[in-house]
Amino acid sequence: MKILVIVIVLLTATIAALITGILTRWNEASATTAIIAGGTAFAGTTYLGLEILSKLGILPS
Numbered sequence: 004m005k006i007l008v009i010v011i012v013l014l015t016a017t018i019a020a021l022i023t024g025i026l027t028r029w030n031e032a033s034a035t036t037a038i039i040a041g042g043t044a045f046a047g048t049t050y051l052g053l054e055i056l057s058k059l060g061i062l063p064s
């Protein structure tokens, strides 16, 4: 289950980074920062969400 959580977090972070990068591509300096920040934020919230669901018994831990 931990590997599945890690894979989902990485996929979510990658998708978030791509979307953020596309939206901010006209300004390269801020695009890099936005990709890092966006990816990290999405990964963090996804991981927390999955942890909460497993604690509530909705997902197996």
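If you read the sequence shown in this note's numbering, its first letter stands for residue 4, the second for the next number, and so on.
Using N, Cα and C, we set each Cβ at its ideal position, and we do this for glycine too.
Being a predicted model, the structure only gives us computed values, none of them experimental.
I61 carries a coil assignment under DSSP once its states are collapsed to helix, strand and coil. Rounded to whole angstroms, the Cβ separation of T23 and A37 is 5 Å, and the two are in contact under 8 Å.
In the same chain as G41, and ignoring 5 residues on each side of it, the C-beta atoms closer than 7 Å to its own belong to A19, A20, T23, in chain order.
Using a Cβ distance threshold of 8 Å, T49 and T15 count as a contacting pair. Close CB contacts of L13 within its chain, under the 6 Å cut and outside five residues either way in sequence, are absent.
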